[in-house]
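J.:
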Amino acid sequence: MTSTILAQFASPEDAATAIAMLQQSGIQREQMTVFSRVPLPEGALEVDTSKVRIPWIALGAAAAGAAIGFAIAAGTMWLYKLPTGGKPILAGPPILIITYEITMLTALITTFLAVLWETRLPDWRRKAYDPGLPAEAIGLAVRLDTLTVSQVEDILRQARAQKQKITVQEAGATP
Amino acid sequence: MPEAHRPTTDEEVLLAPVLRTTWKYAALVGLLAGGFATLILVWGYQILTGMGVAGINRPIAWGVYITNFVFWVGISHAGTLISAILRLTHADWRRPITRAAEAMTVFALMIAGLFPLVHLGRVWVFYYMIPYPNTRTIWPNYRSPLPWDMTAIFTYLTGSSLFLFLGAIPDFALLRDRTTGWPRRIYSLLSLGWRGTQAEWRRLRAAFGVMTVVIIPVFVSVHTIVSWDFGMSIVPHWHATILAPYFVIGAVLSGVAAVITLMILLRRAFHLEEYLTAEHFDNIGKILLAASLMWTYFYITDLWAALAAGTPEEWDVVHYQVERYLPLLIVMLACNVGLPAPLLAFRKVRRHIPTMLALTLVINVGMWLERYLIIVPSLSRGRITWGQYSPTWVELSITFGALATFGLLYTLFTKLAPILSVWEIREGREQEAKRRFGDRQVETTIKETVIG
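Chains Z and A, in that order, give the protein sequences. Going from the first sequence to the numbering used here is simple: count from 1 and add 105. Going from the second sequence to the numbering used here is simple: count from 1 and add 3.
1) Assuming ALA94/A contacts LEU423/A (C-beta within less than 8 Å), just tell me the rounded distance between them.
2) SER155/Z versus chain A: which residues are under 7 Å apart at the beta carbon?
3) At what residues does the alpha helix (DSSP H) containing LEU292/A begin and finish?
4) Residues of chain A with CB under 9 Å from ILE240/Z, in chain order?
5) VAL238/A lies in the alpha helix (DSSP H); which residues open and close that run?
6) Alpha carbon to alpha carbon, how far is GLN263/Z from HIS283/A? Give it in angstroms, no decimals.
7) Determine the burial state of ILE99/A: buried for a count of at least 16 other Cβ atoms within 10 Å of its Cβ, exposed for fewer.
8) Which residue wins for smallest C-alpha separation from ALA254/A, given the options GLU317/A, ASP305/A, SER236/A and ASN339/A?
9) Using a Cβ-Cβ cutoff of 7 Å, what residues of the stretch 129-155 of chain A are near chain Z? List them in chain order.
10) Whose C-beta lies closer than 6 Å to the C-beta of LEU279/A among residues of the same chain, with five residues either side of it excluded?
11) Tell me the DSSP secondary structure of GLY38/A in three-state form.
12) Name the DSSP bridge partner or partners of TRP389/A?
13) Let me know if PRO5/A comes out buried or exposed under the rule of 16 or more other beta-carbons within 10 Å of its beta-carbon.
14) Taking the alpha carbon of VAL425/A as the reference point, which residue from THR216/Z, ILE132/Z and SER141/Z has its own alpha carbon closest?
15) For the stretch 144-163 of chain Z and the stretch 178-193 of chain Z, state whether three or more C-beta atom pairs, one from each stretch, are separated by less than 8 Å.
16) Which term fits ILE43/A, buried or exposed, when burial requires 16 or more other beta carbons within 10 angstroms of its beta carbon?
17) For GLU223/Z, go through chain A and note every residue whose CB falls closer than 7 Å to its CB, in chain order.
18) For GLY244/Z, which residues does DSSP report across the bridge?
19) Going along chain A in order, which residues have a C-beta closer than 7 Å to the C-beta of ILE177/Z?
20) Strictly under 9 Å for the Cβ-Cβ distance: is ARG142/Z near chain A by that measure?
21) In or out: ASN137/A buried (at least 16 other Cβ within 10 Å) or exposed?
22) Applying the 10 Å Cβ sphere with the 16-neighbour rule, what's the burial state of VAL121/A?
23) Which word fits PHE166/A, buried or exposed, when buried means at least 16 other C-beta atoms lie within 10 angstroms of its C-beta?
24) For a cutoff of 9 Å on Cβ pairs, would you count VAL21/A as touching chain Z?
25) Taking all protein chains shown into account, do 16 or more other C-beta atoms lie within 10 angstroms of the C-beta of TRP75/A, making it buried, or fewer, making it exposed?
26) Note the first and the last residue of the continuous beta strand (DSSP E) segment covering GLU135/Z.
27) If I measure Cβ to Cβ from THR12/A and keep anything under 8 Å in the same chain, skipping five residues before and after, which residues do I get?
28) I'd like to know whether the C-beta of GLN267/Z is nearer than 9 Å to at least one C-beta of chain A.
29) Identify whether SER224/A lies in helix, strand or coil by the three-state DSSP scheme.
30) Just grab the DSSP bridge partners of ARG439/A for me.
31) Does DSSP classify THR158/A as helix, strand or coil?
32) Would you mind sorting HIS322/A into buried or exposed? The rule is 16 or more other CB atoms within 10 Å of its CB.
33) What's the gap between the Cα of THR264/A and the Cα of TRP151/A?
34) At a CB distance below 9 Å, what residues from the stretch 95-120 of chain A approach chain Z? Give them in sequence order.
35) Report yes or no: do the stretch 109-121 of chain Z and the stretch 401-418 of chain A share at least 3 C-beta pairs separated by less than 8 Å?
36) When the Cα of ALA155/A is compared with those of ARG188/A, PRO119/A, VAL225/A and ILE50/A, which residue comes out closest?
Structure follows, in structure tokens:
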């Protein structure tokens with residue numbers, strides 16, 4: 106069983122101090138999770154440095170959407186021919202319009218699904234989290250593998266953590 | 004009896020409409036539900052009796068229903084304009100407005116989508132338009148602008164709904180953490196387990212970045228495609244290439260006016276004076292002024308091209324419009340440009356909220372008339388004689404019932420999610436600071452480097 110300590114800080118600066126001190130003590134970035142009610146400026150607390158692939162996923166989906174849109178418009182025009190006074194069976198403008206709209210539709214839906222995929226949501230299991238986190242506070246969860254609970258508590262106290270709570274989780278669970 | 008607690012913090016003020024229900028709210032929902040019931044009953048009457056109860060007939064096959072369809076699609080445009088374009092340009096003043104505008108887009112599109120079904124008559128065969136393998140030996144004809152409409156509006160509705168939901172997830176998580184019982188269960192479901200981790204915020208921002216950029220061309224294309232329902236025909240005064248940008252700018256005008264109307268009503272109803280300030284109305288009023296002037300330019304260009312061409316059919320329609328519909332034409336021009344443009348040029352007017360409410364309502368009356376005057380006079384030109392059209396009580400009841408239904412959906416939404424985005428407003432506050440410049444303390448803000 107691993108322990109996770111949840112701490113609350115009044116400001117991002119205190120949280121940054123705590124993170125730096127924990128890293129110096131041997132805690133890895135992957136063992137820490139920062140929570141906030143609002144997004145922090147990019148790079149403010151560099152705990153999560155994983156690659157964000159959403160734009161590339163959306164681009165790929167758009168390409169697939171273009172192919173689907175073309176197939177729906179041009180493919181069906183070709184399969185279900187509707188002769189109208191000598192005009193082309195495959196009409197350019199409608200094919201372009203439908204292809205364009207389906208491209209956008211696929212990009213939008215896939216972007217949303219990519220967020221869910223990358224954040225592993227929905228996930229309604231109990232995880233390390235403080236529901237009482239105030240709007241202006243920063244939460245920090247530290248999964249303990251190497252240091253003891255008291256060592257981490259000391260560090261957090263030095264960094265002016267306002268509140269600390271210890272939860273015990275299954276081994277291997279991420280905070 | 005203890006004094007009722009007056010909300011003071013951001014969280015209390017912005018969550019109060021969701022967490023507390025007043026008798027006024029309940030009364031409003033009751034009234035709007037009555038309007039919704041009227042819509043359903045009268046539409047049901049039309050389905051059972053037949054389309055003859057509506058005033059449309061040869062040659063005027065499109066009347067109030069299609070006017071409403073175009074009108075509501077137009078209303079839906081401002082949500083994306085304000086949310087996406089202002090996010091893209093890092094306009095900080097957008098924060099209290101984005102969710103209200105995005106919600107307006109979603110519900111306006113739902114109402115817009117209702118009208119082709121109402122107009123269809125035999126609504127039970129609407130599924131013929133859906134492209135899936137079937138045994139009917141027919142397929143949607145993509146050479147017609149009507150399936151383009153269906154595809155575009157479906158794309159816009161799906162994109163807008165996902166955009167709205169994504170932005171609301173952090174606030175659903177906040178409500179999950181602040182409620183108990185069955186509301187907590189509902190918000191747990193809606194928040195998807197969101198905890199506000201850095202990984203989650205980074206991905207939310209990335210998604211906003213992508214969706215913002217994608218949804219802007221969609222918003223332009225939707226009303227362009229709606230305009231092609233008219234532009235791709237050979238009906239005189241419809242068959243013009245200027246119709247696409249003319250419709251888009253008309254949509255922006257009516258949509259922005261509708262957003263302002265909603266902002267004023269929400270501000271009053273939920274005591275949001277601290278969040279929706281005169282500054283917001285000033286800024287959005289400038290957008291409205293620009294839209295009014297651009298609309299005027301496109302209107303004159305459309306008319307001028309028709310008159311300069313000198314074709315008898317075009318002149319006939321313009322003459323007919325002036326002879327038969329002169330009062331409506333005058334009201335339309337007064338509502339869209341005569342009143343708003345000179346008044347909105349003044350800062351004092353833009354910052355005066357009762358005047359802004361009156362102007363925005365007037366603009367939307369004018370824009371509805373604009374759609375009506377595009378559709379009906381052009382179709383009146385029959386092969387042998389000019390047709391006559393008057394909306395019946397059925398069409399008018401469905402029109403007002405649809406307006407009430409929009410109001411009902413919107414009012415119910417204010418009970419589900421904070422109508423002002425709590426996390427975005429808090430983010431804005433945390434990025435603000437006061438700094439001394441010379442003799443004055445001025446407000447500064449952190450420069451946003453990412454979208455969303």
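The beta carbon of each residue, even a glycine, is placed where N, CA and C say it ideally should be. The model shown is predicted, which means the values in this text are computed figures rather than measured ones.
T.: By the coordinates alone:
1) For the purposes of this step, residue 94/A is taken as residue 91 along the second sequence, with counting starting at 1. For the purposes of this step, residue 423/A is taken as residue 420 along the second sequence, with counting starting at 1. No, ALA94/A and LEU423/A are not in contact; Cβ-Cβ is about 16 Å, not under 8 Å.
2) Counting from 1 along the first sequence, the entry for residue 155/Z is found at position 50. Chain A residues near SER155/Z: ALA202.
3) Residue mapping note: residue 292/A aligns to position 289 of the second sequence, counting from 1. That run of the alpha helix (DSSP H) goes 281-312.
4) Sequence index remark: in the first sequence, residue 240/Z carries index 135 (1-based). According to the sequence as given, residue 240/Z is Ala; it is not Ile. Correct list: THR12, ASP13, GLU14, LEU177, VAL425, TRP426 and ARG429.
5) Your numbering for residue 238/A matches position 235 in the second sequence. Here VAL238/A belongs to no alpha helix (DSSP H), and DSSP marks it neither H nor E.
6) Taking the first residue of the second sequence as position 1, residue 283/A is located at position 280. Taking the first residue of the first sequence as position 1, residue 263/Z is located at position 158. Their Cα atoms are separated by approximately 43 Å.
7) Within the second sequence, residue 99/A is the residue found at index 96, counting from 1. According to the sequence provided, residue 99/A is Pro. The question's Ile does not apply to it. Burial call: buried.
8) By 1-based counting over the second sequence, the position of residue 254/A is 251. Selected option, being the one with the closest Cα: ASN339/A.
9) PRO134, TRP142, ASN144, TYR145, ARG146, TRP151, THR154 and ALA155
10) Along the second sequence, one-based indexing puts residue 279/A at 276. Here the set comprises PRO99, MET266 and ARG270.
11) Counted from its first residue, the second sequence places residue 38/A at position 35. The answer is helix: DSSP assigns GLY38/A an H, G or I state.
12) In the second sequence, residue 389/A corresponds to position 386, counting from 1. Per DSSP, ARG384/A.
13) What you label residue 5/A is simply residue 2 of the second sequence in a count that begins at 1. Residue placement at PRO5/A is flagged as unreliable, the pLDDT there being 41, under the threshold of 50; the coordinate-derived value follows with that caveat. Per the 10 Å Cβ criterion, exposed.
14) The residue given as residue 425/A occupies position 422 in the second sequence. The residue with the shortest Cα to Cα distance from VAL425/A is SER141/Z.
15) no
16) Along the second sequence, read from residue 1 onward, the residue named residue 43/A stands at position 40. By the neighbour-count rule (16 or more Cβ atoms within 10 Å), ILE43/A is not buried but exposed.
17) For the purposes of this step, residue 223/Z is taken as the residue at position 118 of the first sequence. By Cβ distance, chain A contributes ARG206.
18) Locating residue 244/Z in the first sequence gives position 139, where the first residue counts as 1. GLY244/Z pairs with GLN113/Z and PHE140/Z.
19) Within the first sequence, residue 177/Z is the residue found at index 72, counting from 1. Those within 7 Å of ILE177/Z in chain A are PRO134.
20) As a working note, residue 142/Z is residue 37 in the first sequence. Yes - at least one Cβ of chain A is within 9 Å of the one on ARG142/Z.
21) In the second sequence, counting from the first residue as 1, residue 137/A sits at position 134. Answer is exposed; the Cβ neighbour count stays below 16.
22) Working through the second sequence from its first residue, we reach residue 121/A at position 118. When all chains shown are included, VAL121/A counts as buried.
23) The residue given as residue 166/A occupies position 163 in the second sequence. Buried, by the Cβ-count rule.
24) Numbered from its first residue, the second sequence carries residue 21/A at position 18. Output row for VAL21/A: interface = no.
25) As a first step, residue 75/A must be located in the second sequence, where it is residue number 72. Answer is buried; the Cβ neighbour count reaches 16.
26) Residue numbering aside, residue 135/Z sits at position 30 when the first sequence is read from its first letter. It is not in any beta strand (DSSP E) - GLU135/Z carries neither H nor E in the DSSP assignment.
27) In the second sequence, the residue the question calls residue 12/A occupies position 9. Hits under 8 Å: none found.
28) Position 162 of the first sequence, counted from the start, is the residue given in the question as residue 267/Z. Chain A contact via Cβ: absent.
29) Position 221 of the second sequence, counted from the first residue, corresponds to residue 224/A. Note: SER224/A maps to helix in three-state DSSP.
30) Sequence index remark: in the second sequence, residue 439/A carries index 436 (1-based). DSSP output for ARG439/A lists GLN444/A as bridge partner(s).
31) Here residue 158/A refers to the residue found at position 155 when the second sequence is read from its first residue. Three-state result, THR158/A: helix.
32) The sequence position of residue 322/A within the second sequence is 319, counting from 1. Exposed, since its Cβ has fewer than 16 Cβ neighbours within 10 Å.
33) Position 261 of the second sequence, counted from the start, is the residue given in the question as residue 264/A. Position 148 of the second sequence, counted from the start, is the residue given in the question as residue 151/A. Spanning the two alpha carbons is a distance of roughly 31 Å.
34) none
35) no
36) As a first step, residue 155/A is located in the second sequence; it is residue number 152 there, counting from the start. Here the closest residue by C-alpha is VAL225/A.
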